[in-house]
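Residue numbering for the sequence shown follows our numbering, beginning at 167 and increasing consecutively. Beta carbons: idealized from backbone N, C-alpha and C, even for Gly. Given the structure is predicted, the values throughout are model-derived calculations rather than measurements.
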Amino acid sequence: MSNLLFDERPLVLQPRLAFLLGGSDEAIILQQVHYWTQKNTNIKDGYSWVYNSMKEWHKQFYWISESSVKRIFTKLEKKGVLVTGNYNKAKFDKTKWYRIDYGALDEMEQRLGQFDLTNRPKRPNGEGQVDPTYTIDYTETTTDINNTSETQNVSDGAPKKTIKKKEYNFDSKEYRCALKLQEEILKNKPNFKKPNLQKWADTFRLIHERDKREWTEIGEMILYATQDDFWKANILSPDKLRKHFDLLEAQRERDSKPRKKQVFQRETLPDWAKDVPESRKKRGIKKTDSVRINAEIDALLKELELDDVEGSGTS
């Protein structure tokens, strides 16, 4: 029996997947990522992830050059079927984490199915012909689809629109703002329910694009709102932050202004009151003596003030 036939766990190849991704190597690599994400327990943000250096990945696909393995991973990322993240504890560790976007993969398969239907040869009797439903695929789509997710009746012969929700990368500004807000809220409310960070990220997109807020401004407001004694109990989502942004901005500006300090005028002692007799200088003045002397000076000043008042009344 040949040693090249299966006695060990094989790398499975789905021909349709290879056709869909444009190559057998692409299909094998994606299949292997799927295999490892199903086996491990690296659950982050509700998804199962697998991480490895490119050198380690290459050991699993040693018949492909390491540069080609890297190129295929990049290709799968650009196709949208492979999502990357970074959950490494060390900031300097740039090892990529991977998961599969099964929704994007299903959409690719559906488009391929429609392609098969439109290119199916006609039969002489007309049997087997299916009128395909055309899908408009938007390159820039978001969850903010109130005015664009209108579906027309297929029976009218009009195309059916399907809107794909935008998925934000973990290194995008929108997602990082969502994650930062969650982290700050958890400092105040450790039992805070885990939010949908993708939905939060889309709200931060609206704050930036529609409300014309700079990213630095948004970041500063997240910190202010979650540290203020009043607002930290009320700003528990990006929607609340967006709703009260103007009010927060006004209060933050007011709080940043320095408050005027009260000025207390101190009476200047006359020169004669400052002079210390030579006898006292020689023997030295203790701290208790100094306090007593100051009290005597204060009493003397009060007596002088009374004398001035009485003198002015008799003239």
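| Under 7 Å, do G251 and F336 count as touching if we go by C-beta distance? | In the sequence shown, counting from the first residue as 1, residue 251 sits at position 85. In the sequence shown, counting from the first residue as 1, residue 336 sits at position 170. Closer than 7 Å, so yes.
| said: Is it buried or exposed, W229, if we count other Cβ atoms within 10 angstroms and call 16 or more buried? | reply: Indexing the sequence shown from 1 puts residue 229 at position 63. Exposed is the call here.
| Is H224 near V235, with beta carbons less than 7 Å apart? | On the sequence shown, position 58 is the one that residue 224 refers to. On the sequence shown, position 69 is the one that residue 235 refers to. Yes. Within cutoff.
| CB W366 to CB A391, shorter than 7 Å? | Here residue 366 corresponds to residue number 200 of the sequence shown, with the count starting at 1. Here residue 391 corresponds to residue number 225 of the sequence shown, with the count starting at 1. In this structure, A391 does not lie closer than 7 Å to W366 by Cβ.
| message | Using a 10 Å radius around the Cβ and a threshold of 16 neighbouring Cβ atoms, would you call V178 buried or exposed? | response | Numbered from its first residue, the sequence shown carries residue 178 at position 12. Classification of V178: exposed, given that the 10 Å Cβ count is below 16.
| Which residues in the same chain as R418 place their Cβ atom closer than 7 Å to its Cβ, once the five residues preceding and following it in sequence are excluded? | Working through the sequence shown from its first residue, we reach residue 418 at position 252. Here the set comprises Y390.
| query | CA-CA distance, V199 and D191? | reply | Indexing the sequence shown from 1 puts residue 199 at position 33. Indexing the sequence shown from 1 puts residue 191 at position 25. About 12 Å.
| said: Are the CB atoms of K346 and I388 within a distance shorter than 7 Å? | reply: Residue mapping note: residue 388 aligns to position 222 of the sequence shown, counting from 1. Residue mapping note: residue 346 aligns to position 180 of the sequence shown, counting from 1. Yes, the Cβ-Cβ distance between I388 and K346 is below 7 Å.
| request: Using alpha carbons as the reference points, say which of K378, L414, W263 and R379 lies closest to D395. | output: Taking the sequence shown and counting its residues from 1, one reaches residue 395 at position 229. Checking every option, the nearest Cα to that of D395 belongs to L414.
| query | Taking C-alpha atoms, which residue in R265, R376, S233 and K260 lies nearest to E243? | reply | Along the sequence shown, one-based indexing puts residue 243 at 77. Considering only alpha carbons, the answer is R265.
| Along the chain, where does the alpha helix (DSSP H) that runs through T261 open and close? | Numbered from 1 along the sequence shown, position 95 holds the residue referred to as residue 261. From DSSP, T261 is part of no alpha helix (DSSP H); its letter is neither H nor E.
| Who does K210 pair with in a DSSP beta bridge? | In the sequence shown, residue 210 corresponds to position 44, counting from 1. According to DSSP, K210 bridges with Y213.
| task | Consult DSSP for V235 and reduce its assignment to one of helix, strand or coil. | result | Taking the first residue of the sequence shown as position 1, residue 235 is located at position 69. DSSP places V235 in helix when its eight states are reduced to three.
| query | Nearest to L363 by CA position, among D211, I194 and T261, is which residue? | reply | Looking up residue 363 in the sequence shown gives position 197. Cα-wise, what sits closest to L363 is D211.
| request: Give the C-beta separation of N206 and S214 to the nearest angstrom, bearing in mind that I take them to be a contact with Cβ-Cβ under 8 Å. | output: Here residue 206 corresponds to residue number 40 of the sequence shown, with the count starting at 1. Here residue 214 corresponds to residue number 48 of the sequence shown, with the count starting at 1. With a Cβ gap of about 7 Å, N206 and S214 count as contacting.
| Could you give the residue range of the alpha helix (DSSP H) that holds G385? | Here residue 385 refers to the residue found at position 219 of the sequence shown. Looking at the DSSP string, the run of the alpha helix (DSSP H) that includes G385 is W381 to Q393.
| On the three-state DSSP scale, how would you describe G251? | Numbered from its first residue, the sequence shown carries residue 251 at position 85. Strand at G251.
| request: Tell me whether K419 sits in a helix, a strand or coil according to DSSP, three-state version. | output: For the purposes of this step, residue 419 is identified with residue 253 of the sequence shown, where counting begins at 1. The question names Lys, yet the displayed sequence has Glu at residue 419. In the structure shown, E419 sits in a helix (DSSP, three-state: H, G or I).
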